[in-house]
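K.L.:
Pasting in a structure now, in structure tokens, and then I'll have a few things to ask.
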Amino acid sequence: MVATTCAARGVVYWLGSQLYVQLTNRARGLSLVASRGPAFIMPETSGFAPLEAEPTVDTVVAAVLDAYANDERKKALGQDVGRTRRADGGATDPGVAFAGLGDPLLRWPDVAEITRRVREHHEVPISLYTNGLLPPDAPAAAEVASTLHEAGITAATVALNAADPDSYARRMLSPPPYTPAYHEDAASSIGDVSGASFGSACEFIAAMSEAGVETTVTAVATADTAAVRDLGTALGAVA
């Protein structure tokens with residue numbers, strides 16, 4: 000039987016032994032869930048649910064530490080729990096990922112603080128899934144990227160989904176022609192996109208790569224994936 004954590008509904012969820020942390024329901028650009036199409040839902044076994052309220056930093060840290068102490072999905076890793084690599088170089092504990100219905104980058108200072116505090120206990124990979132669109136009041140992308148890297152973010156996956164500004168505006172900054180799962184309506188699946196742009200997403204990708212964070216760029220099947228991949232490489236992403 001799989002143990003469950005003490006976290007409030009939606010704060011953490013699971014895919015295998017990968018622990019996901021959810022900080023907000025608020026989107027900035029088309030959410031990851033929405034980008035998967037109108038029929039996409041998370042597996043029931045994941046425990047995924049929209050947040051009832053945005054959790055505090057203390058709540059998230061406590062949930063992650065509780066998962067490592069008590070949940071069988073981490074305990075089942077045995078001697079590999081808390082380890083990044085096996086002696087043969089293979090992955091062991093996949094660690095913790097900031098993701099969810101909304102974009103964790105909207106709470107980037109909290110991402111950094113949670114990461115610092117978790118890594119005081121477990122030096123595991125901590126990754127970020129985002130659209131790369133910083134909130135309007137954020138400092139420059141280079142400063143944010145440096146802060147996240149210094150806190151211990153080891154990898155970032157940025158959903159770019161387009162290789163030019165016009166395609167990006169259509170796919171990422173406009174409501175989809177359907178109401179995605181978990182969202183109240185199509186508009187909520189893109190959130191507040193004032194000031195957001197293709198250029199700002201590209202700037203964030205380049206800044207994270209320059210800061211030393213292993214950065215991956217992704218695209219949905221309907222995009223020109225080869226062009227997105229080439230652009231990501233040019234910006235310093237690994238794929």
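For the sequence shown, position 230 (counting from the first letter as 1) is numbered 229 according to numbering that gives the first Met the number 0, and the numbering increases by one without interruption.
Glycine included, each C-beta is placed from N, C-alpha and C at the ideal position.
Could you pull the start and end residues of the alpha helix (DSSP H) that I113 belongs to?
P.N.:
Run containing I113: 107 to 118, per the alpha helix (DSSP H) assignment.
K.L.:
Three or more C-beta pairs closer than 8 Å, one from the stretch 147 to 156 and one from the stretch 205 to 220: is that the case here?
P.N.:
Yes, they touch.
K.L.:
Whole angstroms are fine: how far does the CA of E43 sit from the CA of R27?
P.N.:
If I take the Cα positions, the gap works out to 25 Å.
K.L.:
How is the beta strand (DSSP E) around S126 delimited, first residue to last?
P.N.:
Taken as a continuous stretch (DSSP letters only), the beta strand (DSSP E) holding S126 covers 125 to 129.
K.L.:
Roughly how far, in whole angstroms, is the beta-carbon of S173 from the beta-carbon of I189, given that I think they are within contact range, below 8 Å?
P.N.:
Contact flag correct, Cβ pair sits at about 7 Å.
K.L.:
With a 10 Å radius around its C-beta and 16 neighbouring C-beta atoms as the bar for buried, classify N320 as buried or exposed.
P.N.:
Nothing about residue 320 can be read from this structure; the chain reaches only from 0 to 238.
K.L.:
Rounded to the nearest angstrom, what separates V95 and V123 at their Cα positions?
P.N.:
Rounded to the nearest angstrom, the two C-alpha atoms are 7 Å apart.
K.L.:
How is T215 classed by DSSP in three states: helix, strand or coil?
P.N.:
Three-state DSSP puts T215 in a strand.
K.L.:
What's the gap between the Cα of A38 and the Cα of P175?
P.N.:
Their backbone Cα atoms lie some 13 Å apart in a straight line.
K.L.:
To the nearest angstrom, how far is the alpha carbon of G101 from that of L147?
P.N.:
So the alpha carbons of these two residues sit roughly 18 Å apart.
K.L.:
Taking P49 as the reference, which of M207, P93, D165, Y181 has the closest Cα?
P.N.:
P49 has its Cα closest to that of Y181, out of M207, P93, D165, Y181.
K.L.:
Which same chain residues, not among the five before or five after V20, have their C-beta less than 8 Å away from its C-beta?
P.N.:
Once the five neighbours on either side are set aside, the close Cβ partners of V20 are V10, V11, V59, A62, V63, V95, A96, F97, A98, G99, P103, I113.
K.L.:
Is it true that the CB of S30 sits closer than 9 Å to the CB of P138?
P.N.:
In this structure, S30 does not lie closer than 9 Å to P138 by Cβ.
K.L.:
Pick helix, strand or coil for L104, following the three-state DSSP scheme.
P.N.:
It is helical.
K.L.:
Can you list, in chain order, the residues of its chain whose CB lies under 7 Å from that of R8, leaving out five sequence neighbours each side?
P.N.:
For R8, where only same-chain residues beyond five positions count, the Cβ hits under 7 Å are A48, E51.
K.L.:
What are the boundary residues of the alpha helix (DSSP H) that T203 is part of?
P.N.:
The displayed chain sequence assigns Phe, not Thr, to residue 203. That run of the alpha helix (DSSP H) goes 197 to 210.
K.L.:
Would you kindly report the start and end of the unbroken alpha helix (DSSP H) that includes A66?
P.N.:
Run containing A66: 56 to 69, per the alpha helix (DSSP H) assignment.
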